[in-house]
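Data block below; observations after.
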Amino acid sequence: MINRRPQFLIPLALLLLLTILGCTDKKGNVSTLPKSEFIKNIIHSEFISEGVAAGDVNKDGLKDILSGAYWFEAPNWVKHEIRTPIAYDYAKEWSDSFLNFSMDVNKDDWIDLIEIGFPGKPAYWYENSKGKDGHWARYLVDSSACNESPMLVDIEGKGQLDLVFGNQKSGHMNRFIAPVDDMDAGWVKQSISEADSLSTHRFSHGLGLGDINGDGRGDVLIKDGWWEAPQNRNDTPWNFHKVSLGEDCSQMYAYDLDDDGDNDVISSSAHKYGIWWHEQVMGQNDSIKFERHLIDSTFSQNHGLAFQDMNDDGLPDLITGKRFYGHLGKDPGGKDPQVIYWYEMQRDDNKKPYWIPHEIDTNSGIGLQVIIEDMNNDLKPDILIGNKKGVFYFENSL
28 MINRRPQFLI PLALLLLLTI LGCTDKKGNV STLPKSEFIK NIIHSEFISE GVAAGDVNKD
88 GLKDILSGAY WFEAPNWVKH EIRTPIAYDY AKEWSDSFLN FSMDVNKDDW IDLIEIGFPG
148 KPAYWYENSK GKDGHWARYL VDSSACNESP MLVDIEGKGQ LDLVFGNQKS GHMNRFIAPV
208 DDMDAGWVKQ SISEADSLST HRFSHGLGLG DINGDGRGDV LIKDGWWEAP QNRNDTPWNF
268 HKVSLGEDCS QMYAYDLDDD GDNDVISSSA HKYGIWWHEQ VMGQNDSIKF ERHLIDSTFS
328 QNHGLAFQDM NDDGLPDLIT GKRFYGHLGK DPGGKDPQVI YWYEMQRDDN KKPYWIPHEI
388 DTNSGIGLQV IIEDMNNDLK PDILIGNKKG VFYFENSL
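Numbering (this note's numbering), first residue to last: 28 to 425.
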(Lines of atoms letter the chains of each structure in order from A and count residues from 1; the text may use other names and numbers.)
(Lines give C-alpha, C1' and ligand atoms only; values in the text may rest on other atoms or scores of the structure.)
Protein backbone atom coordinates (compact mmCIF):
# COMPACT_ATOMS: atom_id res chain seq x y z
CA MET A 1 0.00 0.00 0.00
CA ILE A 2 2.84 2.40 0.80
CA ASN A 3 5.54 2.87 -1.85
CA ARG A 4 9.07 3.65 -0.70
CA ARG A 5 11.16 5.96 -2.88
CA PRO A 6 14.98 5.86 -2.63
CA GLN A 7 16.04 8.72 -0.40
CA PHE A 8 18.86 9.85 -2.72
CA LEU A 9 16.33 10.89 -5.39
CA ILE A 10 14.87 13.57 -3.12
CA PRO A 11 16.65 16.91 -2.68
CA LEU A 12 17.73 17.54 0.88
CA ALA A 13 15.59 20.66 1.26
CA LEU A 14 12.49 18.78 0.10
CA LEU A 15 13.24 15.90 2.43
CA LEU A 16 13.55 18.34 5.32
CA LEU A 17 10.21 19.92 4.42
CA LEU A 18 8.50 16.54 4.19
CA THR A 19 9.94 15.56 7.55
CA ILE A 20 8.58 18.72 9.15
CA LEU A 21 5.16 18.08 7.62
CA GLY A 22 5.15 14.49 8.88
CA CYS A 23 5.27 12.86 5.43
CA THR A 24 8.27 10.67 6.14
CA ASP A 25 8.54 7.51 8.15
CA LYS A 26 10.80 7.00 11.16
CA LYS A 27 13.80 6.29 8.91
CA GLY A 28 13.31 9.33 6.70
CA ASN A 29 11.78 7.48 3.74
CA VAL A 30 8.96 9.31 1.99
CA SER A 31 5.56 7.62 2.25
CA THR A 32 3.25 8.13 -0.71
CA LEU A 33 -0.16 6.78 -1.62
CA PRO A 34 -2.49 7.22 -4.57
CA LYS A 35 -4.22 10.62 -4.36
CA SER A 36 -7.34 9.07 -2.90
CA GLU A 37 -8.38 5.62 -1.82
CA PHE A 38 -11.92 6.75 -1.07
CA ILE A 39 -14.78 6.93 -3.55
CA LYS A 40 -16.56 10.29 -3.29
CA ASN A 41 -20.37 10.29 -3.32
CA ILE A 42 -22.18 13.64 -3.38
CA ILE A 43 -25.40 12.96 -1.50
CA HIS A 44 -26.66 16.54 -1.57
CA SER A 45 -25.07 19.63 -3.13
CA GLU A 46 -26.75 22.37 -1.10
CA PHE A 47 -26.07 23.78 2.37
CA ILE A 48 -28.48 22.13 4.82
CA SER A 49 -26.38 21.34 7.89
CA GLU A 50 -22.83 21.22 9.24
CA GLY A 51 -23.51 17.87 10.82
CA VAL A 52 -24.43 14.39 9.65
CA ALA A 53 -25.46 11.03 11.11
CA ALA A 54 -26.13 7.49 9.94
CA GLY A 55 -28.60 4.77 10.80
CA ASP A 56 -31.18 2.40 9.35
CA VAL A 57 -34.11 4.81 9.36
CA ASN A 58 -36.66 2.61 7.59
CA LYS A 59 -35.49 -0.78 8.93
CA ASP A 60 -34.68 -2.25 5.52
CA GLY A 61 -31.24 -3.44 6.60
CA LEU A 62 -29.39 -0.58 4.88
CA LYS A 63 -27.79 2.40 6.61
CA ASP A 64 -29.27 5.74 5.63
CA ILE A 65 -27.83 9.24 6.03
CA LEU A 66 -29.45 11.96 8.15
CA SER A 67 -28.49 15.62 7.90
CA GLY A 68 -30.47 18.66 8.96
CA ALA A 69 -34.02 18.63 7.63
CA TYR A 70 -33.58 15.45 5.58
CA TRP A 71 -32.81 11.78 5.65
CA PHE A 72 -31.41 10.14 2.54
CA GLU A 73 -32.57 6.60 1.84
CA ALA A 74 -29.95 4.04 0.86
CA PRO A 75 -28.90 2.76 -1.60
CA ASN A 76 -29.94 5.49 -4.07
CA TRP A 77 -30.05 8.29 -1.46
CA VAL A 78 -33.63 9.32 -2.08
CA LYS A 79 -34.35 12.50 -0.09
CA HIS A 80 -37.10 12.57 2.56
CA GLU A 81 -38.08 15.50 4.78
CA ILE A 82 -37.78 15.21 8.56
CA ARG A 83 -38.96 18.77 9.09
CA THR A 84 -39.53 21.88 7.00
CA PRO A 85 -36.24 22.70 5.22
CA ILE A 86 -34.72 26.16 5.14
CA ALA A 87 -32.54 27.54 2.34
CA TYR A 88 -29.23 29.06 3.48
CA ASP A 89 -26.62 31.23 1.79
CA TYR A 90 -23.27 29.77 2.91
CA ALA A 91 -21.45 33.05 2.18
CA LYS A 92 -23.69 35.07 4.48
CA GLU A 93 -25.14 32.88 7.22
CA TRP A 94 -25.05 29.75 9.32
CA SER A 95 -27.67 27.03 9.57
CA ASP A 96 -29.92 25.94 12.44
CA SER A 97 -28.25 22.51 12.32
CA PHE A 98 -24.68 22.34 13.62
CA LEU A 99 -24.34 18.71 14.78
CA ASN A 100 -26.48 15.64 14.17
CA PHE A 101 -26.60 12.34 16.06
CA SER A 102 -28.61 9.18 15.44
CA MET A 103 -29.98 7.25 18.40
CA ASP A 104 -33.04 5.25 19.37
CA VAL A 105 -34.01 7.86 21.95
CA ASN A 106 -37.32 6.38 23.10
CA LYS A 107 -36.22 2.73 22.78
CA ASP A 108 -38.90 1.72 20.28
CA ASP A 109 -36.34 0.08 17.94
CA TRP A 110 -36.49 2.95 15.41
CA ILE A 111 -33.58 5.34 14.84
CA ASP A 112 -34.32 8.94 15.79
CA LEU A 113 -32.42 12.17 15.03
CA ILE A 114 -30.82 14.45 17.64
CA GLU A 115 -30.06 17.90 16.29
CA ILE A 116 -27.85 20.54 17.91
CA GLY A 117 -28.59 23.96 16.48
CA PHE A 118 -26.63 27.21 16.37
CA PRO A 119 -24.57 27.58 19.59
CA GLY A 120 -26.71 28.77 22.47
CA LYS A 121 -29.96 27.83 20.72
CA PRO A 122 -32.17 24.90 21.77
CA ALA A 123 -31.30 21.25 21.11
CA TYR A 124 -34.09 18.97 19.86
CA TRP A 125 -34.66 15.34 18.99
CA TYR A 126 -36.99 14.14 16.24
CA GLU A 127 -38.99 10.95 16.64
CA ASN A 128 -38.86 8.56 13.70
CA SER A 129 -42.24 8.49 11.95
CA LYS A 130 -41.92 4.70 11.48
CA GLY A 131 -42.64 4.81 7.77
CA LYS A 132 -45.64 7.12 8.01
CA ASP A 133 -45.94 10.17 5.77
CA GLY A 134 -45.25 13.61 7.18
CA HIS A 135 -42.67 15.27 9.35
CA TRP A 136 -41.22 13.72 12.48
CA ALA A 137 -42.46 14.85 15.90
CA ARG A 138 -40.04 17.22 17.63
CA TYR A 139 -39.14 17.22 21.35
CA LEU A 140 -36.94 19.57 23.35
CA VAL A 141 -33.69 18.33 24.91
CA ASP A 142 -32.57 21.64 26.43
CA SER A 143 -33.19 25.33 25.82
CA SER A 144 -29.53 26.16 25.28
CA ALA A 145 -26.76 23.95 23.90
CA CYS A 146 -23.33 25.55 24.28
CA ASN A 147 -19.77 24.58 23.36
CA GLU A 148 -19.33 23.94 19.64
CA SER A 149 -18.55 20.21 19.96
CA PRO A 150 -21.42 18.69 21.98
CA MET A 151 -20.99 14.93 22.23
CA LEU A 152 -23.12 11.79 22.42
CA VAL A 153 -21.06 9.40 24.56
CA ASP A 154 -21.28 6.49 26.96
CA ILE A 155 -20.45 8.31 30.20
CA GLU A 156 -20.72 5.27 32.47
CA GLY A 157 -19.41 2.60 30.11
CA LYS A 158 -22.66 0.65 30.29
CA GLY A 159 -23.85 1.01 26.69
CA GLN A 160 -26.16 3.96 27.41
CA LEU A 161 -25.42 7.09 25.36
CA ASP A 162 -25.81 10.51 26.97
CA LEU A 163 -25.57 14.00 25.51
CA VAL A 164 -22.97 16.36 26.99
CA PHE A 165 -22.84 20.12 26.47
CA GLY A 166 -22.82 23.38 28.42
CA ASN A 167 -25.49 25.91 29.32
CA GLN A 168 -24.47 29.55 28.99
CA LYS A 169 -27.09 30.81 31.45
CA SER A 170 -25.99 28.73 34.43
CA GLY A 171 -22.43 28.02 33.32
CA HIS A 172 -22.85 24.30 34.01
CA MET A 173 -21.46 21.47 31.91
CA ASN A 174 -24.34 19.00 31.82
CA ARG A 175 -25.05 15.42 30.84
CA PHE A 176 -28.50 14.58 29.49
CA ILE A 177 -29.92 11.10 29.95
CA ALA A 178 -32.54 10.03 27.42
CA PRO A 179 -36.11 9.54 28.63
CA VAL A 180 -37.09 5.93 29.13
CA ASP A 181 -40.87 5.80 29.41
CA ASP A 182 -42.39 9.27 29.73
CA MET A 183 -41.66 11.40 26.64
CA ASP A 184 -43.34 14.40 28.26
CA ALA A 185 -40.89 14.28 31.17
CA GLY A 186 -38.00 15.02 28.83
CA TRP A 187 -34.33 14.24 29.23
CA VAL A 188 -32.86 13.96 32.73
CA LYS A 189 -30.28 16.72 33.24
CA GLN A 190 -27.33 16.27 35.60
CA SER A 191 -24.65 18.88 36.15
CA ILE A 192 -21.09 17.65 35.88
CA SER A 193 -19.58 20.97 36.88
CA GLU A 194 -20.13 23.81 39.29
CA ALA A 195 -21.84 26.96 38.04
CA ASP A 196 -19.90 29.49 35.95
CA SER A 197 -17.47 26.85 34.73
CA LEU A 198 -15.01 27.03 31.87
CA SER A 199 -16.01 26.04 28.32
CA THR A 200 -19.73 26.46 28.95
CA HIS A 201 -20.30 29.81 27.26
CA ARG A 202 -22.05 30.05 23.93
CA PHE A 203 -19.06 29.73 21.60
CA SER A 204 -16.70 27.64 23.74
CA HIS A 205 -14.50 25.23 21.80
CA GLY A 206 -13.22 21.79 22.71
CA LEU A 207 -14.92 18.82 24.38
CA GLY A 208 -14.14 15.13 24.80
CA LEU A 209 -14.39 12.01 26.95
CA GLY A 210 -11.47 9.87 28.11
CA ASP A 211 -9.72 8.38 31.13
CA ILE A 212 -6.98 10.83 32.15
CA ASN A 213 -5.93 9.49 35.57
CA GLY A 214 -6.07 5.78 34.79
CA ASP A 215 -8.92 4.85 37.14
CA GLY A 216 -10.91 3.22 34.33
CA ARG A 217 -13.58 5.93 34.23
CA GLY A 218 -14.23 8.36 31.41
CA ASP A 219 -13.43 11.95 32.37
CA VAL A 220 -14.85 14.97 30.54
CA LEU A 221 -12.14 16.98 28.78
CA ILE A 222 -11.97 20.61 27.75
CA LYS A 223 -8.98 22.63 26.56
CA ASP A 224 -8.55 24.09 30.05
CA GLY A 225 -8.52 20.80 31.96
CA TRP A 226 -10.73 17.86 32.87
CA TRP A 227 -13.56 16.89 35.17
CA GLU A 228 -12.67 13.70 37.04
CA ALA A 229 -15.45 11.13 36.84
CA PRO A 230 -16.47 9.90 40.31
CA GLN A 231 -17.24 6.25 40.97
CA ASN A 232 -20.91 7.17 41.17
CA ARG A 233 -21.42 9.40 38.12
CA ASN A 234 -24.51 10.89 39.75
CA ASP A 235 -22.35 12.56 42.41
CA THR A 236 -21.98 16.20 41.43
CA PRO A 237 -20.09 18.35 40.85
CA TRP A 238 -17.18 16.34 39.49
CA ASN A 239 -13.74 17.46 40.66
CA PHE A 240 -12.08 19.75 38.09
CA HIS A 241 -8.35 19.62 37.37
CA LYS A 242 -7.04 22.65 35.53
CA VAL A 243 -4.34 22.03 32.94
CA SER A 244 -3.57 23.49 29.52
CA LEU A 245 -4.61 21.25 26.63
CA GLY A 246 -3.95 23.72 23.86
CA GLU A 247 -5.94 26.20 21.85
CA ASP A 248 -9.60 26.43 20.87
CA CYS A 249 -10.30 23.06 19.32
CA SER A 250 -13.07 20.67 18.29
CA GLN A 251 -13.53 17.04 19.39
CA MET A 252 -10.90 15.78 21.86
CA TYR A 253 -9.75 12.18 22.35
CA ALA A 254 -7.74 10.40 25.04
CA TYR A 255 -5.53 7.46 24.06
CA ASP A 256 -2.16 6.01 25.09
CA LEU A 257 -0.41 7.14 21.92
CA ASP A 258 3.14 6.42 23.10
CA ASP A 259 2.30 3.10 24.78
CA ASP A 260 3.69 4.18 28.16
CA GLY A 261 0.69 3.29 30.30
CA ASP A 262 -1.13 6.63 30.51
CA ASN A 263 -3.50 8.38 28.15
CA ASP A 264 -2.50 11.33 26.01
CA VAL A 265 -4.90 13.80 24.36
CA ILE A 266 -5.50 14.65 20.70
CA SER A 267 -7.06 17.92 19.55
CA SER A 268 -7.20 20.18 16.49
CA SER A 269 -7.61 23.90 15.92
CA ALA A 270 -11.17 24.92 15.14
CA HIS A 271 -10.40 28.22 13.41
CA LYS A 272 -6.63 28.52 13.02
CA TYR A 273 -3.87 26.04 12.15
CA GLY A 274 -2.81 22.94 14.01
CA ILE A 275 -3.46 19.31 14.87
CA TRP A 276 -1.69 18.19 18.07
CA TRP A 277 -1.12 15.37 20.47
CA HIS A 278 -0.62 16.27 24.12
CA GLU A 279 1.73 13.84 25.83
CA GLN A 280 0.97 13.06 29.48
CA VAL A 281 4.38 13.36 31.06
CA MET A 282 4.07 13.42 34.84
CA GLY A 283 1.97 13.65 37.97
CA GLN A 284 -1.33 12.47 39.37
CA ASN A 285 -4.66 14.31 39.20
CA ASP A 286 -3.92 17.99 39.98
CA SER A 287 -0.23 17.55 39.19
CA ILE A 288 -0.71 15.84 35.80
CA LYS A 289 1.16 17.72 33.08
CA PHE A 290 1.08 17.53 29.29
CA GLU A 291 3.63 18.35 26.61
CA ARG A 292 2.22 19.44 23.26
CA HIS A 293 3.49 18.01 19.95
CA LEU A 294 2.46 19.26 16.50
CA ILE A 295 1.08 16.70 14.06
CA ASP A 296 0.30 19.02 11.14
CA SER A 297 -0.37 22.70 10.41
CA THR A 298 -0.61 22.79 6.62
CA PHE A 299 -4.31 23.72 6.50
CA SER A 300 -6.63 25.53 8.87
CA GLN A 301 -10.03 25.16 10.53
CA ASN A 302 -9.98 21.51 11.63
CA HIS A 303 -13.39 21.98 13.25
CA GLY A 304 -14.22 18.27 13.12
CA LEU A 305 -11.96 15.41 14.17
CA ALA A 306 -12.50 11.65 14.21
CA PHE A 307 -10.16 9.06 15.73
CA GLN A 308 -10.60 5.52 14.43
CA ASP A 309 -8.63 2.71 12.80
CA MET A 310 -9.09 3.19 9.06
CA ASN A 311 -6.74 0.53 7.65
CA ASP A 312 -7.29 -2.29 10.15
CA ASP A 313 -3.72 -2.29 11.48
CA GLY A 314 -4.77 -2.14 15.14
CA LEU A 315 -3.86 1.53 15.63
CA PRO A 316 -6.42 4.35 15.52
CA ASP A 317 -5.96 7.04 12.89
CA LEU A 318 -6.99 10.69 12.61
CA ILE A 319 -9.56 11.89 10.11
CA THR A 320 -10.09 15.61 9.65
CA GLY A 321 -10.14 18.37 7.09
CA LYS A 322 -10.74 22.04 6.49
CA ARG A 323 -14.09 23.42 7.54
CA PHE A 324 -15.66 25.26 4.64
CA TYR A 325 -16.49 28.91 5.40
CA GLY A 326 -16.51 28.47 9.17
CA HIS A 327 -16.49 32.21 9.75
CA LEU A 328 -17.70 33.09 6.27
CA GLY A 329 -14.21 32.72 4.84
CA LYS A 330 -12.62 35.20 7.26
CA ASP A 331 -10.54 32.75 9.30
CA PRO A 332 -6.82 32.29 8.54
CA GLY A 333 -6.65 30.30 5.30
CA GLY A 334 -10.42 30.56 5.11
CA LYS A 335 -10.61 30.39 1.31
CA ASP A 336 -7.94 27.75 0.73
CA PRO A 337 -8.88 24.38 -0.88
CA GLN A 338 -11.39 22.36 1.12
CA VAL A 339 -9.30 19.31 1.87
CA ILE A 340 -9.94 16.09 3.80
CA TYR A 341 -7.11 13.88 5.08
CA TRP A 342 -6.67 10.75 7.09
CA TYR A 343 -3.49 10.50 9.14
CA GLU A 344 -2.18 6.96 9.48
CA MET A 345 -0.78 6.46 12.98
CA GLN A 346 2.44 4.49 13.40
CA ARG A 347 5.03 4.24 16.17
CA ASP A 348 8.81 4.62 15.92
CA ASP A 349 11.44 2.47 17.65
CA ASN A 350 10.90 4.44 20.87
CA LYS A 351 7.11 3.91 20.63
CA LYS A 352 6.52 7.58 19.93
CA PRO A 353 3.62 8.13 17.51
CA TYR A 354 4.01 9.62 14.07
CA TRP A 355 1.43 10.13 11.34
CA ILE A 356 1.49 9.62 7.58
CA PRO A 357 -0.98 12.01 5.87
CA HIS A 358 -3.19 10.68 3.07
CA GLU A 359 -5.23 13.10 0.99
CA ILE A 360 -8.84 12.09 0.46
CA ASP A 361 -10.35 15.09 -1.32
CA THR A 362 -9.69 18.77 -2.12
CA ASN A 363 -13.19 20.00 -2.92
CA SER A 364 -15.48 19.19 -0.02
CA GLY A 365 -13.94 19.94 3.35
CA ILE A 366 -15.72 19.28 6.63
CA GLY A 367 -18.31 20.83 8.89
CA LEU A 368 -18.41 20.34 12.67
CA GLN A 369 -18.38 16.54 12.58
CA VAL A 370 -16.47 13.77 10.86
CA ILE A 371 -18.56 10.61 11.16
CA ILE A 372 -16.97 7.19 10.65
CA GLU A 373 -19.43 4.41 9.81
CA ASP A 374 -19.38 1.19 7.78
CA MET A 375 -22.11 2.25 5.38
CA ASN A 376 -22.08 -0.72 2.98
CA ASN A 377 -21.36 -3.58 5.40
CA ASP A 378 -17.96 -4.41 3.85
CA LEU A 379 -16.25 -4.19 7.26
CA LYS A 380 -14.40 -1.03 6.19
CA PRO A 381 -14.98 2.32 7.91
CA ASP A 382 -16.39 4.99 5.60
CA ILE A 383 -16.53 8.76 6.09
CA LEU A 384 -19.59 11.03 6.26
CA ILE A 385 -19.46 14.82 6.05
CA GLY A 386 -22.14 17.52 6.24
CA ASN A 387 -21.10 21.12 5.62
CA LYS A 388 -21.82 24.29 3.68
CA LYS A 389 -21.00 22.56 0.40
CA GLY A 390 -23.50 19.76 0.96
CA VAL A 391 -23.50 16.17 2.23
CA PHE A 392 -20.78 13.69 1.25
CA TYR A 393 -20.13 10.00 1.66
CA PHE A 394 -16.58 8.74 1.08
CA GLU A 395 -16.50 5.00 0.54
CA ASN A 396 -13.38 3.31 1.87
CA SER A 397 -11.53 1.24 -0.73
CA LEU A 398 -8.32 0.71 1.23
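C-beta: ideal position from N, C-alpha, C; glycine also.
Selection PHE326, ARG374 and TRP369 evaluated against ASP363 yields PHE326 as nearest (Cα-Cα). By the Cβ-count criterion, GLY161 is exposed, with fewer than 16 other Cβ atoms from all chains shown falling within 10 Å of its own Cβ. Beta-bridge partners of TYR381 (DSSP): GLN373. A direct Cα-Cα distance of roughly 26 Å separates ILE249 from VAL132. When rounded, the separation of the alpha-carbon atoms in ASN404 and PHE334 is 20 Å. Residue pairing by DSSP puts ALA80 in a beta bridge opposite LEU93. No Cβ-Cβ contact shorter than 8 Å links ILE293 with MET309. With respect to the C-alpha of VAL247, the residue from ALA297, SER295, GLY331 and GLU183 having the closest C-alpha is GLU183. Linking LEU126 to ILE219 through their CA atoms gives a straight-line distance of about 21 Å. Ranked by Cα distance from GLN328, the first of LYS349, SER176 and PRO343 is LYS349. Within the model, the alpha-carbon separation for ASP209 versus ASP181 is close to 21 Å.
Along the segment 106-173, the beta strand (DSSP E) occurs as fully enclosed runs of 3 or more residues at 126-130, 139-143, 150-154 and 164-169, listed in sequence order. Spanning the alpha carbons of VAL168 and ASN201 requires a straight line of approximately 12 Å. Assignment of beta-bridge partners to SER72 by DSSP yields no partner. For SER295, the enclosing beta strand (DSSP E) begins and ends at 291-295. Distance from the CA of TYR352 to the CA of VAL418, rounded to the nearest whole angstrom, comes to 15 Å. Within the segment 231-281, the complete beta strand (DSSP E) runs of at least 3 residues fall at 234-237, 246-249, 252-255 and 266-269. When secondary structure is reduced to three states using DSSP, SER314 falls in the helix class. In the DSSP assignment, the residues bridged to HIS199 are ASN194. When Cβ pairs closer than 8 Å are counted between the two stretches, the segment 98-108 is seen not to touch the segment 338-349, the count staying below three. As a beta-bridge residue in DSSP terms, ASP323 pairs with ILE302. Look at ALA222 here: in three-state DSSP terms it is coil, with no helix or strand label. The Cβ atoms of ASN174 and SER231 sit closer than 8 Å to each other. When the beta-carbon positions are compared, VAL84 and ILE143 stay at least 8 Å from each other.
Ranked by how close their Cα comes to the Cα of LYS86, the residues SER156, ASN261, TRP382 and SER76 have SER156 in first place. In its chain, beyond the 5 residues on either side, LYS299 and SER327 have a beta carbon closer than 6 Å to the beta carbon of PRO359. For GLU422, the uninterrupted beta strand (DSSP E) run begins and ends at 417-423, by DSSP. DSSP places ILE398 in the uninterrupted beta strand (DSSP E) bounded by 398-400.
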